[in-house]
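Below you'll find the structure, written out as structure tokens, and then a few comments.
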Amino acid sequence: MPAADHFLGFVDVLASVLDDHHATAADLAARLHLSRFHLDRIVSSAGGEPPAALRRRVLLERAAYRLLSTELTILDIAVEAGYGSHEAFTRAFTRAYGVGPGRYRARPTRLRLDGPSNVHFHPPGSLRLPAQKKVTSMDLLTKMVEHHVWLVGEMVERAARLDDERLDAVIELSVDEDRQTIRSLLSRLVGQMGMWNAAIANRPYDWSVEEHESVDSLRRRLAEEGPTFLAHVVEATDHGRLDDTFVDALCEPAEVFSYGGMIAHVLTFAAHRRTLVALALDAAGISDLGWGDPMRWVAQSAS
């Protein structure tokens with residue numbers, strides 16, 4: 001069997017025994033019908049790091065995620081990661097992340113640690129190998145359409161459970177629980193980009209700016225947040241980083257998102273808000289934007 005296949009097999013076995021701290025390197029080798037010596041040699045050669053080092057790094061990445069996403073004590077997380085004491089875990093975590101677990105929980109930074117194998121913990125509970133095929137902007141658009149088709153189908157199936165009265169009840173258009181106006185929708189459209197810019201930069205977002213925001217403020221914020229958000233998108237697509245992740249410390253608890261997921265989120269929820277604004281403007285006698293359909297924009301950009 002090629003070394004690459006043995007390495008993939010090792011990653012699968014490692015994922016299955018991540019919480020079994022009694023499983024030795026010899027146990028992992030036996031599952032792959034290899035000797036301990038051959039497992040070390042193959043994993044070190046194919047992945048660039050010994051099996052034990054890879055396992056410790058992945059467990060620390062998972063511990064970092066637990067610090068962000070749970071209210072477990074640091075000692076509980078230390079034990080889950082295979083450390084016998086709070087002190088031993090703190091020393092290992094500080095060496096890896098540059099700060100102790102308590103400080104990291106209060107102000108998180110990156111989740112992934114550098115590793116030559118490029119095998120990482122992938123939230124919420126799996127391991128991720130290096131992508132065999134990088135996600136491109138066209139892949140992302142295809143996935144969004146696939147999701148759209150799937151979701152519509154799911155909605156149709158659920159609609160079949162309703163009677164005619166429910167199916168034909170008038171829907172009051174709304175995006176969330178707040179009162180919808182042209183002002184509030186535009187403020188949230190700008191704020192959505194500002195919120196993600198803040199998350200990527202690991203800084204707080206000031207929600208109060210969206211409270212009855214003036215048009216001048218909207219102009220100023222859009223002039224800053226729009227180009228910044230677009231730059232994040234361009235960088236992610238140009239460098240094949242759509243499946244890269246970042247920590248959003250603005251969430252409570254903090255969460256980990258991918259750039260591709262962020263872009264899909266923005267496009268999905270912004271489309272609804274833009275449509276509501278376009279219809280409200282039309283009702284107010286401003287009809288030159290129509291429905292805000294992007295087809296003409298895309299055609300002009302491509303010509």
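Be aware that the sequence shown starts at 1, since it is given in the UniProt record's numbering, and climbs by one per residue.
From the three backbone atoms N, C-alpha and C, an ideal C-beta is built for every residue, glycine too.
All figures in this text were calculated on a predicted structure; none of them were measured in a lab.
Check	Outcome
Beta-carbon proximity of Phe257 to Gln192, cut-off 8 Å	no
Inter-residue CB distance, Ala199 and Leu250 (contact presumed, cutoff 8 Å)	5 Å
At least three beta-carbon pairs within less than 8 Å, the stretch 103-123 to the stretch 54-64	yes
Spatial distance of Glu80 from Leu18 (CA atoms)	9 Å
Inter-residue spacing [alpha-carbon to alpha-carbon] between Ala78 and Gly84	7 Å
Ser301 burial status per 10 Å Cβ neighbour count (16 or more: buried)	Because the pLDDT at Ser301 is just 49, under 50, the model does not fix this residue reliably, and the point stays unresolved.
Counterpart residues of Thr245 in DSSP-defined beta bridges	Ser258
Touch test, the stretch 230-250 against the stretch 136-156, Cβ-Cβ under 8 Å, three pairs minimum	yes
Residues that His120 bridges to, as DSSP identifies them	Arg128
Heavy atom of the ligand MG within 7 Å of Ala78 beta-carbon	Absence of the ligand MG from the depicted structure is noted, as is the absence of any ligand whatsoever, leaving it without description.
Contact set for Gly48: own chain, Cβ-Cβ below 6 Å, skip 5 residues either direction	Pro116, Ser117
Environment of Gly290 [buried if 16+ CB atoms lie within 10 Å]	exposed
Val234, buried or exposed, once every other Cβ within 10 Å from all chains shown has been counted against 16	exposed
Minimum C-alpha distance to His86 - residue among Arg179, Tyr259, Gly102	Gly102
Whether Leu218 touches Val277 by CB criterion (8 Å)	no
Own chain partners of Pro123 with C-beta closer than 6 Å, once the 5 adjacent residues on each side are dropped	Tyr65, Val256
Secondary structure of Arg220, DSSP reduced to three states	helix
Reduced DSSP category for Trp291 - H, G, I as helix; E, B as strand; rest coil	coil
Close beta carbons around Asn202, own chain, < 8 Å, minus the five adjacent residues each side	Arg107, Pro108, Thr109, Val247, Ala249
Beta-carbon proximity list for Ser126, same chain, < 7 Å, skipping 5 on both sides	Ala15
Distance, Ser69 Cα to Ala254 Cα	6 Å
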